[in-house]
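Reviewing the structure listed below.
Protein chains in written order, with this note's numbering: chain X, 1 to 332; chain F, 1001 to 1136.
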C-alpha cells in the first residue's frame, strides 16, 4: 500500500517492505508528479518575477509611477496655488476659518474651509469662486478707475512737459441762455429800409443784448445802421437789414470768437465775404477765427425779405439765438 | 514524453526513469540520475528565486521583498501626499480669501489715491495755466 505524501496528497510513494510489485511504478509516478509540480512552480516564479514582462516588473513600474504621483501631487498643488515652500506633512494644519472679512459671509452659503482630504475633494470650488467674484469685480473696478485717474494725471504731466499751446477757452457771458421772442418787420414809409424790432419775452433779452454788444465792442445803445448791408446790435433792439442780415459786421472789429449753441427761427447764411459758422444744436461748435471771417449773417426762415409788404406794413416772426463767446489762450 | 514510454520519461523535464520490469542491473543508476536531475531542476528554480538577502544581484526574492516594502512605502507616501495636498488646498483657499481681501483693500486705496492725484493734478494744471498767463 503506497504512502501519501505529507506535502502533496496527490502524490504517493512506495511503503517500505510493501509494494514489492509496484514500487518502481510508484517511484516513477512520484518523481513525475513532483517534477510536474516543480515545473509548474518554476513557470509561476518566472511569470511572477523574471523578465520585463513579469508581474514583479509591472509592480515595480506601478510603484514607481505611484511614487511619481505621490511626489507630484503636493508639488502640483504647491505650484497651482503659488506656494513658495513645500514643507513636511506635519507642518501644515487645516485652517478652520476664512479671512475674517468673508468668514460669516461664506459660511452663510455653507462654504467652510475643507478640513479633510475628503472635504477637499468634495468642496464646491465653483461656488466659492462665485461668491468671491463680486469682491474681485469691485477690486477690478477700483483698479480700472485708478488706472483712468492715473492716465488723466499722466496726460496732465505730458501737457505740462509739452508746454503751453493755443487752445480755445469758452467764457460764459451774461445772457448765455440766449434771446428769444418775436421780431416785427416793418417796411419804412419810403420803402427802402425795413427795420425789425425784437420784442423780447424773457428777462434775459436785455442782458444778452447788452452783454453781446459789450463783448462785440459796439457798446450799448448803438443805433441801427442806415446802411442796408450793415446792421448792429443796439441796446434793447436787434435790427435786421432788408434781406434779413443780422449781426453782420459786428465781428469785424472784435477779437472775440463766438460759437453758436442754438439757433431757431434763423438760418445761417453766407456770401463771398462771409464765413459761415457751424451750427450744432446743443453743442458748442467752434466758429474759428479764419481769415475772411468778417461778418455773420442770419436770415429769417421763410421770411427772406419784406418785398410783399407795403410801406408801413409789418409782419412778425418768432426767433431765438444763443451764442457763447470764447477766446484763445496759451494753456498747458 | 510519458511514463508509458519505453524507457519512461517524466512529463516535465523529460528525465529518464527506470523501466518497470527492466533495467535489472542499472535501475539504481538510472533512478539516481533521475533524482539528481530533479534536484538540478529544483536548484535552478531555487537559484531563480534566490536569497532574500541578496541585494547585489539582486535576487528575485530580494526584489519581491523590496517590492513589498516599496509598495508599503508608496502607500504611506500616498497618504502623506493626500494629507499634504488637502492641507495645502485648505491653506490656499483660506489664503485666497486673504488675497481677495488684500486686493479689494489695495484697489480701494489705489482708487482713492489716484482720485486724489487726479484732483491735485487738475489743480496743479490750473495753477500752471494761471502762472503762465500771468507771466506772459
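A virtual CB, placed ideally from N, CA and C, is assigned to each residue, including glycine. Keep in mind the model is a prediction, meaning the values are calculated, not measured.
Any alpha helix (DSSP H) of 4 or more consecutive residues that is wholly inside the region 1006-1056 of chain F:
1027-1049
Short-range partners of chain X found in the region 1065-1092 of chain F, where Cβ spacing is below 7 Å:
1067, 1070, 1071, 1074, 1077, 1078, 1080, 1081, 1082, 1083, 1084, 1085, 1086, 1087, 1088, 1089, 1090, 1091 and 1092
Check the C-beta distance from residue 1093(F) over to residue 134(X) and give it rounded, since I have them as a contact under 8 Å.
Counted from its first residue, the second chain places residue 1093(F) at position 93. Counted from its first residue, the first chain places residue 134(X) at position 134. Incorrect: roughly 17 Å between the Cβ atoms, too far for contact.
Chain-order list of residues whose beta-carbon lies under 8 Å from that of residue 47(X) (same chain, five-residue window excluded):
Numbered from 1 along the first chain, position 47 holds the residue referred to as residue 47(X). Same-chain partners within the cutoff: 54 and 55.
Residue 58(X) burial status per 10 Å Cβ neighbour count (16 or more: buried):
On the first chain, residue 58(X) is found 58 positions in, with the first residue counted as 1. Looking at its Cβ environment, which holds fewer than 16 other Cβ atoms inside 10 Å, residue 58(X) is exposed.
Going by the beta-carbon positions, is the gap between residue 1031(F) and residue 4(X) smaller than 8 Å?
The residue you call residue 1031(F) lines up with position 31 of the second chain. The residue you call residue 4(X) lines up with position 4 of the first chain. Going by C-beta atoms, residue 1031(F) is not nearer than 8 Å to residue 4(X).
Taking the alpha helix (DSSP H) that residue 59(X) belongs to, which residues open and close that run?
Locating residue 59(X) in the first chain gives position 59, where the first residue counts as 1. 55-81 is the extent of the alpha helix (DSSP H) around residue 59(X).
Tell me, to the nearest whole angstrom, how far the beta carbon of residue 1081(F) is from that of residue 84(X); I am working on the premise that it is less than 8 Å.
Here residue 1081(F) is taken as the residue at index 81 of the second chain, counted from 1. Here residue 84(X) is taken as the residue at index 84 of the first chain, counted from 1. About 19 Å separates the two Cβ atoms, so there is no contact after all.
Is residue 1008(F) near the ligand SAM, judged by its Cβ being under 7 Å from some heavy atom?
Here there are no bound small molecules, and the ligand SAM is not part of this structure.
Between which two residues does the alpha helix (DSSP H) carrying residue 1002(F) extend?
Position 2 of the second chain, counted from the start, is the residue given in the question as residue 1002(F). Premise fails: residue 1002(F) is in no alpha helix (DSSP H) and is neither H nor E.
Is there a C-beta anywhere in chain X that falls below 8 Å from the one on residue 952(F)?
Summary: the structure shown does not reach residue 952(F), with chain F confined to residues 1001 through 1136, and so no result is reported for it.
Is residue 1073(F) helix, strand or coil by DSSP?
Start at 1 with the first residue of the second chain, and residue 1073(F) comes out as number 73. Helix at residue 1073(F).
In or out: residue 332(X) buried (at least 16 other Cβ within 10 Å) or exposed?
For the purposes of this step, residue 332(X) is taken as residue 332 along the first chain, with counting starting at 1. Result: buried.
Buried or exposed for residue 333(X), please, with buried defined as at least 16 other CB atoms from any protein chain shown within 10 angstroms of its CB.
Lying before the first or after the last residue shown, residue 333(X) is absent from chain X, which here runs from 1 to 332.
Cutoff 8 Å: residue 1097(F) Cβ touching any chain X Cβ:
By 1-based counting over the second chain, the position of residue 1097(F) is 97. Yes, because at least one Cβ of chain X sits closer than 8 Å to the Cβ of residue 1097(F).
Can you tell me which of 1101(F), 1060(F), 1117(F) and 1026(F) puts its alpha carbon nearest to the alpha carbon of residue 138(X)?
As a first step, residue 138(X) is located in the first chain; it is residue number 138 there, counting from the start. For the residues 1101(F), 1060(F), 1117(F) and 1026(F), the minimum Cα distance to residue 138(X) belongs to 1101(F).
Tell whether a beta-carbon distance below 8 Å holds between residue 1074(F) and residue 67(X).
To locate residue 1074(F), count along the second chain from 1; it is residue 74. To locate residue 67(X), count along the first chain from 1; it is residue 67. Taking 8 Å as the Cβ cut-off, residue 1074(F) and residue 67(X) qualify as a contacting pair.
Going along the chain, which residues of its own chain have a beta-carbon closer than 8 Å to the beta-carbon of residue 1062(F), five neighbours each way excluded?
The count along the second chain starts at 1 and reaches residue 1062(F) at position 62. Same-chain partners within the cutoff: 1050, 1051, 1052, 1053, 1054 and 1055.
So what does DSSP say about residue 331(X), is it helix, strand or coil?
As a working note, residue 331(X) is residue 331 in the first chain. Residue 331(X): strand per DSSP, three-state reduction.
Using a Cβ cut-off of 8 Å (strictly closer), state whether residue 1108(F) contacts chain X.
Start at 1 with the first residue of the second chain, and residue 1108(F) comes out as number 108. It does: the Cβ of residue 1108(F) has a partner Cβ on chain X nearer than 8 Å.
Count the other CB atoms, across all protein chains shown, that sit within 10 Å of the CB of residue 1036(F); report buried if there are 16 or more and exposed otherwise.
Here residue 1036(F) refers to the residue found at position 36 of the second chain. It counts as exposed.
Cβ atoms of residue 11(X) and residue 1013(F): under 8 Å apart, would you say?
In the second chain, residue 1013(F) corresponds to position 13, counting from 1. In the first chain, residue 11(X) corresponds to position 11, counting from 1. Cβ distance not < 8 Å, so residue 1013(F) and residue 11(X) don't count as in contact.
Take the Cβ of residue 90(X) as the centre, count every other Cβ of all protein chains shown within 10 Å, and call the residue buried at 16 or more, exposed below.
What you label residue 90(X) is simply residue 90 of the first chain in a count that begins at 1. Exposed, by the Cβ-count rule.
Is there contact between the region 151-166 of chain X and the region 1108-1127 of chain F, where contact requires at least three CB pairs shorter than 8 Å?
yes
Within its chain, find whatever has a CB closer than 6 Å to the CB of residue 99(X); leave out the 5 residues flanking it on each side and keep chain order.
What you label residue 99(X) is simply residue 99 of the first chain in a count that begins at 1. Excluding residues within five positions, none has a Cβ falling inside 6 Å.
By DSSP, does residue 3(X) sit in helix, in strand, or in coil?
In the first chain, residue 3(X) corresponds to position 3, counting from 1. In the structure shown, residue 3(X) sits in a strand (DSSP, three-state: E or B).
Taking DSSP as the reference, what is the three-state secondary structure of residue 13(X)?
On the first chain, position 13 is the one that residue 13(X) refers to. Residue state, collapsed to three classes: strand.
Would you say residue 164(X) faces chain F, with C-beta separation under 8 Å as the test?
Residue numbering aside, residue 164(X) sits at position 164 when the first chain is read from its first letter. True, the Cβ-Cβ gap to chain F drops below 8 Å.
What residues of chain A sit near residue 1118(F), judged by a beta carbon separation below 9 Å?
No chain A appears in this structure, whose protein chains are X and F.
Chain-ordered chain F contacts of residue 138(X) [CB-CB under 9 Å]
Taking the first chain and counting its residues from 1, the one referred to as residue 138(X) is at position 138. By Cβ distance, chain F contributes 1104, 1107 and 1108.
List the residues of chain X whose Cβ lies closer than 9 Å to the Cβ of residue 1058(F), in chain order.
Counted from its first residue, the second chain places residue 1058(F) at position 58. Going along chain X, no residue has its Cβ under 9 Å from residue 1058(F), so there is no contact; the nearest lies around 11 Å.
Interface residues of chain X facing residue 1129(F) [CB-CB closer than 7 Å]
Counted from its first residue, the second chain places residue 1129(F) at position 129. By Cβ distance, chain X contributes 331 and 332.
Candidates 160(X), 94(X) and 2(X): closest to residue 118(X) by CA position
As a working note, residue 118(X) is residue 118 in the first chain. It is 94(X) whose Cα lies nearest to the Cα of residue 118(X).
Within chain X, partners of residue 1041(F) - CB distance below 9 Å:
As a working mapping, residue 1041(F) is identified with position 41 in the second chain. Those are 35, 38, 39 and 42, listed as they occur along chain X.
Burial state of residue 1026(F) (16 or more Cβ within 10 Å)
The sequence position of residue 1026(F) within the second chain is 26, counting from 1. Classification of residue 1026(F): exposed, given that the 10 Å Cβ count is below 16.
Starting from the Cα of residue 42(X), find the closest Cα among 1060(F), 1085(F), 1071(F) and 1029(F) and give me that residue.
In the first chain, the residue the question calls residue 42(X) occupies position 42. The candidate whose alpha carbon is nearest that of residue 42(X) is 1060(F).
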